[in-house]
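Read in numbering that gives the first Met the number 0, the sequence shown has 275 at position 276, and its numbers run on one by one without any break.
The beta carbon of each residue, even a glycine, is placed where N, CA and C say it ideally should be.
No experiment lies behind these values; they were computed from the predicted model shown.
Read the structure below first, then the notes.
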Amino acid sequence: MYKRKLFYFGLTTAFILFLALISTAISAHLTRENLQQSNIAQSLLIEHEKLSSISYRLFKQLTDEIIFGRNANQAYVRKKQKLIQESVAQIRLLELEQRNALGISFTQGSVEDTDELVRLLDEIIAEFEEVVISNNQAPLNQQEQLRRLLEVTIDDQFREAINSAVARQSRVVASINARIDTLNTTIVWFTMSLGSLSLPLILYGCYWLFNQLYQPLILITNATNAIASGHFQQPISVTLDDEFKELATSINQLAQRLQEHENNEDALRKHLELEVKQRTSELTEANLQLTKVDSRRRQFIADVSHELRTPLTIIRGEAQVTLRMHSASAEDFNQTLVSILEQAVNLSRLVDDLLLLTRAEMNQLNLEMTSVQIAPMLASEVTKWEKHEPNRTIALHVPNAPDEIIAMIDKQRIQQVLSILLDNATKYSKLNQPIEIALEKSDTCITIAIKDSGEGISAAEVDNIFERFVRFSKHNEGLGLGLPIAKVIVEAHGGRISVESSQGQGSIFSIMLPIGSIS
């Protein structure tokens with residue numbers, strides 16, 4: 000956790016600063032005490048020098064009393080004695096303070112020397128008093144006593160006592176100054192050591208904290224750049240500190256959702272492309288079919304025009320020829336009328352076929368549904384076509400109990416379908432090969448299969464064989480309306496017509512009709 004790392008770093012830094020502050024406070028306290036003791040020692044030196052100066056002045060005035068009389072300097076003597084007492088009191092006070100601060104071992108002899116110095120001063124003053132008294136009684140003895148007092152007591156003992164006290168305080172001052180120097184040196188080295196240890200530690204801590212903060216930011220920056228570039232497969236490690244873990248988790252979830260969104264978008268785009276491709280293919284196929292239909296329509300119109308023109312031309316020609324004959328007999332008129340009737344019948348059949356297809360397209364094909372036995376109907380058609388094609392063999396295969404095969408159909412229309420299929424079978428079958436008709440029944444429908452022994456139909460022709468206006472190139476007789484008419488009639492009955500064919504093996508046309516009634 001980055002917060003914890005900051006806390007540890009701050010705690011370490013605070014500890015180092017606390018050590019520095021403690022050392023500074025201790026050094027300041029020790030320095031202040033040493034300076035205070037140094038000031039006391041300096042004050043003692045000054046007081047001892049002051050005491051020495053006052054004492055020598057007192058000695059001079061006492062000597063003047065010996066020379067000039069006892070009452071010569073009494074006022075000055077008392078004043079100097081008072082100053083000496085004040086100086087001694089100040090020295091005693093300072094020495095007591097110094098001893099309390101430094102201890103007996105450090106100030107040993109200072110208080111005792113002061114007592115000895117006071118005693119010596121009292122002795123000197125007392126001897127001066129004795130000299131003055133003896134000067135009045137025995138002047139000769141006074142000279143020797145005064146000499147001894149001045150040379151021995153004052154010059155030797157008193158000076159030595161003062162110098163000893165001054166020397167002792169000088170040593171104290173030197174010792175205190177040495178302690179201050181040692182303390183300052185210790186403080187300097189301690190500060191340098193603490194700085195040399197703490198500075199690298201603080202720098203390393205700053206570097207460590209920077210890395211701890213910088214590395215997650217680099218990871219997050221790289222991840223966001225990758226997401227911005229469209230690469231969502233580079234999740235951020237969730238082993239980061241808690242402060243960055245939630246952010247990393249959110250970015251990973253964002254990348255995952257963006258990836259899902261992009262995948263969905265890709266799938267949708269592919270689906271749309273597939274749909275567009277399918278629609279384009281369907282439109283292309285529809286356009287192709289429309290083109291084919293239009294081409295067939297044009298061909299149909301041309302063929303219909305030709306088919307209509309041919310009988311009409313024949314009718315007109317027969318009539319014109321007969322009318323030009325000035326001596327035409329009844330037989331000539333009869334032949335002309337027969338020819339005209341035949342062409343009129345062909346025209347009527349063609350118009351009926353076109354009307355049937357048109358009505359079927361408009362769902363207006365009327366069927367006269369009746370219950371019909373299928374087997375006898377097929378037998379009747381076979382007999383009719385055997386008479387029409389005496390050189391053909393037509394085989395009819397029906398199951399047992401054929402009279403039970405009954406369906407609701409428009410008999411005339413179904414016979415028309417059978418005639419179309421048998422007509423095609425006789426056209427495309429070889430003369431020495433039979434045509435087979437098979438009847439089958441299931442629970443829901445009956446199936447009539449007509450098999451020829453022709454050359455077969457190619458796969459391309461099979462796909463378009465039930466379309467209108469289609470004629471095979473090898474057998475281009477007629478308008479190509481037979482099979483489309485058969486298809487619309489069968490589908491109007493709710494049935495289905497299909498073909499199976501292979502090159503060189505003939506074809507099988509199957510009619511499947513439902514057994515029930517058709518609404």
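Just to confirm, is the Cβ distance from residue i to residue j under 8 Å?
{"i": "Ile83", "j": "Ile39", "result": "no"}
{"i": "Leu366", "j": "His260", "result": "no"}
{"i": "Ile514", "j": "Ala406", "result": "yes"}
{"i": "Glu466", "j": "Gln502", "result": "no"}
{"i": "Arg391", "j": "Thr443", "result": "no"}
{"i": "Thr11", "j": "Gly204", "result": "yes"}
{"i": "Leu257", "j": "Ile219", "result": "no"}
{"i": "Ser26", "j": "Leu182", "result": "yes"}
{"i": "Lys79", "j": "Leu57", "result": "yes"}
{"i": "Glu435", "j": "Gln414", "result": "no"}
{"i": "Thr335", "j": "Ala318", "result": "yes"}
{"i": "Lys440", "j": "Ile404", "result": "yes"}
{"i": "Gln89", "j": "Glu46", "result": "yes"}
{"i": "Ile175", "j": "Gln36", "result": "yes"}
{"i": "Val487", "j": "Ala359", "result": "yes"}
{"i": "Ile250", "j": "Ala285", "result": "no"}
{"i": "Leu395", "j": "Ile445", "result": "no"}
{"i": "Arg91", "j": "Thr62", "result": "no"}
Among the options, which has the Cα closest to the Cα of residue i?
{"i": "Gly522", "options": "Lys410, Val171, Thr446, Ile456", "result": "Here the chain comprises residues numbered 0 to 518, so residue 522 is not present and cannot be evaluated."}
{"i": "Ile456", "options": "Ala394, Ile507, Phe58", "result": "Ile507"}
{"i": "Ile510", "options": "Leu92, Ala485, Gly503, Ser501", "result": "Ala485"}
{"i": "Ala374", "options": "Glu281, Val397, Leu421, Thr443", "result": "Val397"}
{"i": "Thr369", "options": "Asn263, Arg412, Glu272", "result": "Arg412"}
{"i": "Ile314", "options": "Ser326, Phe332, Glu85", "result": "Phe332"}
{"i": "Ile496", "options": "Ser452, Ala13, Glu460, Ala448", "result": "Ala448"}
{"i": "Asp402", "options": "Val416, Gln372, Lys429, Asp409", "result": "Gln372"}
{"i": "Glu159", "options": "Glu115, Leu34, Arg98", "result": "Glu115"}
{"i": "Trp384", "options": "Ala13, Leu421, Asp352, Asn399", "result": "Leu421"}
{"i": "Ile339", "options": "Ser294, Thr321, Ile201", "result": "Thr321"}
{"i": "Ser304", "options": "Leu395, Val350, Lys244, Ser192", "result": "Val350"}
{"i": "Tyr7", "options": "Asn251, Gln255, Leu200, Leu216", "result": "Leu200"}
{"i": "Ser192", "options": "Ala19, Glu460, Glu388", "result": "Ala19"}
{"i": "Ser155", "options": "Gln277, Arg77, Thr446, Tyr55", "result": "First, the amino acid is wrong: residue 155 is Asp here, not Ser. The shortest C-alpha separation from Asp155 is found at Tyr55."}
{"i": "Asn526", "options": "Gln363, Glu272, Lys244, Ala437", "result": "With the chain covering only 0 through 518, there is no way to say anything about residue 526."}
{"i": "Pro389", "options": "Ala378, Leu430, Val461", "result": "Leu430"}
Within its chain, find whatever has a CB closer than 7 Å to the CB of residue i; leave out the 5 residues flanking it on each side and keep chain order.
{"i": "Asn345", "result": "Pro310"}
{"i": "Ser483", "result": "According to the sequence displayed, residue 483 carries Pro and not Ser. Counting only Cβ-Cβ distances below 7 Å, and skipping sequence neighbours, we find Leu356, Phe465, Glu466, Arg467."}
{"i": "Val416", "result": "Ala485, Ile488, Val489, Ile510"}
{"i": "Asp352", "result": "Leu480, Ile484"}
{"i": "Leu93", "result": "Ile39, Ser42, Leu43, Glu46"}
{"i": "Leu120", "result": "Ser54, Ile83"}
{"i": "Ala378", "result": "Leu395"}
Tell me which residues share the same chain as residue i and place their Cβ nearer than 6 Å to its Cβ, disregarding the 5 neighbours each side in the sequence.
{"i": "Gly481", "result": "Ile419"}
{"i": "Val87", "result": "Val117"}
{"i": "Ile15", "result": "Ser197"}
{"i": "Thr152", "result": "Ile123"}
{"i": "Ile186", "result": "Ser26"}
{"i": "Gln432", "result": "Ser452"}
{"i": "Arg178", "result": "Asn33"}
{"i": "Met376", "result": "none"}
{"i": "Asn263", "result": "none"}
{"i": "Asn99", "result": "none"}
Use the C-beta contact count for residue i: other C-beta atoms within 10 angstroms, 16 or more gives buried, fewer gives exposed.
{"i": "Gln504", "result": "exposed"}
{"i": "Glu126", "result": "buried"}
{"i": "Val337", "result": "exposed"}
{"i": "Phe157", "result": "buried"}
{"i": "Thr312", "result": "exposed"}
{"i": "Tyr427", "result": "buried"}
{"i": "Trp188", "result": "exposed"}
{"i": "Thr279", "result": "exposed"}
{"i": "Leu246", "result": "exposed"}
{"i": "Ile161", "result": "buried"}
{"i": "Ala137", "result": "With a pLDDT of only 47 at Ala137, under 50, the local geometry of the prediction cannot be trusted, and the value read off the model is given with reservation. Result: exposed."}
{"i": "Asn423", "result": "buried"}
{"i": "Gly494", "result": "buried"}
{"i": "Thr283", "result": "exposed"}
{"i": "Ser215", "result": "Here residue 215 is Pro; the residue named in the question, Ser, does not match the sequence. Buried."}
{"i": "Gln520", "result": "Residue numbering for the chain in the displayed model covers 0 to 518; residue 520 lies beyond these limits and cannot be assessed."}
Less than 8 Å between C-beta atoms, sequence neighbours within five positions excluded: which residues of the same chain meet that for residue i?
{"i": "Leu44", "result": "Val165, Gln168, Ser169, Val172"}
{"i": "Met324", "result": "Asp331"}
{"i": "Glu499", "result": "Ser506, Ile507, Ser509"}
{"i": "Gly9", "result": "none"}
Chain C beta carbons: is any one of them nearer than 8 Å to that of residue i?
{"i": "Pro375", "result": "Protein chain content of the structure displayed is limited to a single chain, and chain C is not contained in it."}
Extract the residue ranges of the alpha helix (DSSP H) inside the segment 405-448, only unbroken runs of 4 or more that lie entirely within it. 410-427
Can you list, in chain order, the stretches of the alpha helix (DSSP H) that have 4 or more residues and sit fully within the segment 321-408? 329-360, 373-387
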